[in-house]
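In this note's numbering, the protein residues as written are 2 to 173. Heads up: the structure comes next, in structure tokens.
Here it is, written out as structure tokens:
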């Protein structure tokens, strides 16, 4: 018979480690995005045929700065919501793994689309990213609803990015 005292516990992350664990991966993803995008905006991207709903170039870094802040805050909240005992710990780790997977896909999309100029492959990556963001929202909801809600604008932006990527692929 298992009692509460026999279930292993898992301590919460120290505050400084939680802050670093929330900000660092988002910052690395943003840096990868910037390094892949910047050298390709004036040349390759400017030469593509884009749909009428393509936003002006200046909007992308503004949107991503806001979104990255919300993503990091979501991660910080999720990391602080770690249950200490029982099966919920495994479910929390799954939410954290989904969060990491969507960040990895986000970091992958920009080099695929901008550096490799693989617009078709970009659609696959950005669609997978959208699925992972939605799954992260679903898994995070159980532990911190605000952490989940903070990802909703990100999901909306990536939905738009998926449509934009598909339109650019179709037009080129």
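The beta-carbon is built from N, C-alpha and C at its ideal position, and this holds for glycine as well.
Determine the burial state of residue 141: buried for a count of at least 16 other Cβ atoms within 10 Å of its Cβ, exposed for fewer.
The residue labelled residue 141 in the question sits at position 140 within the chain shown. Around the beta-carbon of residue 141, 16 or more other beta-carbon atoms lie within 10 Å, marking it buried.
- Query: Can the beta-carbon of residue 19 be found closer than 7 Å to that of residue 80?
  - Reply: Counted from its first residue, the chain shown places residue 19 at position 18. Counted from its first residue, the chain shown places residue 80 at position 79. The Cβ atoms of residue 19 and residue 80 lie closer than 7 Å to each other.
Next on the checklist: Beta-carbon within less than 7 Å of residue 122's beta-carbon, same chain only, minus the 5 sequence neighbours each way: which residues are those?
Outcome noted: As a working note, residue 122 is residue 121 in the chain shown. Once the five neighbours on either side are set aside, the close Cβ partners of residue 122 are 113.
What are the boundary residues of the alpha helix (DSSP H) that residue 113 is part of?
-> Against the chain shown, residue 113 aligns to sequence position 112. Neither: residue 113 is in no alpha helix (DSSP H) and is coded neither H nor E.
> Closest by CA to residue 58, which one among 68, 47, 67?
Replying inline: Counting from 1 along the chain shown, the entry for residue 58 is found at position 57. Residue 58 has its Cα closest to that of 47, out of 68, 47, 67.
Could you tell me whether the Cβ atoms of residue 74 and residue 151 are closer together than 7 Å?
In the chain shown, residue 74 corresponds to position 73, counting from 1. In the chain shown, residue 151 corresponds to position 150, counting from 1. Cβ atoms of residue 74 and residue 151: closer than 7 Å.
(Q) Checking 7 Å against the spacing of the C-beta atoms, do residue 85 and residue 145 come in under that value? (A) Within the chain shown, the letter at position 84 stands for residue 85. Within the chain shown, the letter at position 144 stands for residue 145. The criterion of a C-beta distance shorter than 7 Å is not satisfied by residue 85 and residue 145.
Got a sec? Which residues, its chain only, sit under 6 Å from residue 108 by beta carbon, not counting five neighbours each side?
Taking the first residue of the chain shown as 1, we reach residue 108 at position 107. Close CB contacts of residue 108 within its chain, under the 6 Å cut and outside five residues either way in sequence, are with 30, 33 (chain order).
Heavy atom of the ligand ADP less than 6 Å from the Cβ of residue 77, yes or no?
The ligand ADP is not among the ligands present in this structure, which contains no ligands whatsoever.
Item to check | Neighbourhood of residue 166 by C-beta, 6 Å cutoff - its chain only, sequence neighbours within 5 removed | outcome: As a first step, residue 166 is located in the chain shown; it is residue number 165 there, counting from the start. Here residue 166 has 123, 124, 127 as same chain residues with Cβ atoms under 6 Å from its own Cβ, once five neighbours each way along the sequence are excluded.
Residue 137 and residue 103 - do their beta-carbons sit closer together than 7 Å?
Taking the chain shown and counting its residues from 1, the one referred to as residue 103 is at position 102. Taking the chain shown and counting its residues from 1, the one referred to as residue 137 is at position 136. Yes. Within cutoff.
*asked:* Could you give the first and the last residue of the continuous alpha helix (DSSP H) run that contains residue 66?
replied: In the chain shown, counting from the first residue as 1, residue 66 sits at position 65. Looking at the DSSP string, the run of the alpha helix (DSSP H) that includes residue 66 is 60-81.
Notebook entry, point to check: With residue 133 and residue 98 assumed to form a contact (beta carbons below 8 Å), what rounded beta-carbon distance in angstroms separates them?
Noted result: By 1-based counting over the chain shown, the position of residue 133 is 132. By 1-based counting over the chain shown, the position of residue 98 is 97. No, residue 133 and residue 98 are not in contact; Cβ-Cβ is about 10 Å, not under 8 Å.
So what does DSSP say about residue 139, is it helix, strand or coil? Position 138 of the chain shown holds residue 139. It is helical.
Query raised in the report: Going by beta carbon distance, what residues of the same chain come within less than 6 Å of residue 6, once the five residues before and after it are set aside?
Result: As a first step, residue 6 must be located in the chain shown, where it is residue number 5. Any reading at residue 6 needs caution, since the residue's pLDDT is 43, under 50, leaving its predicted position unreliable; the model's value is listed next. Around residue 6: no qualifying Cβ.
**Study point:** Top-ranked residue by Cα proximity to residue 62, from 120, 170, 111, 119
**Key:** Numbered from 1 along the chain shown, position 61 holds the residue referred to as residue 62. Nearest of 120, 170, 111, 119 to residue 62, Cα basis: 111.
- On the premise that residue 72 lies in contact with residue 155, defined as a C-beta separation below 8 Å, what is that separation, rounded to the nearest angstrom? Walking along the chain shown from the start, residue 155 turns up at place 154. Walking along the chain shown from the start, residue 72 turns up at place 71. Sure, about 6 Å apart at Cβ, within 8 Å.
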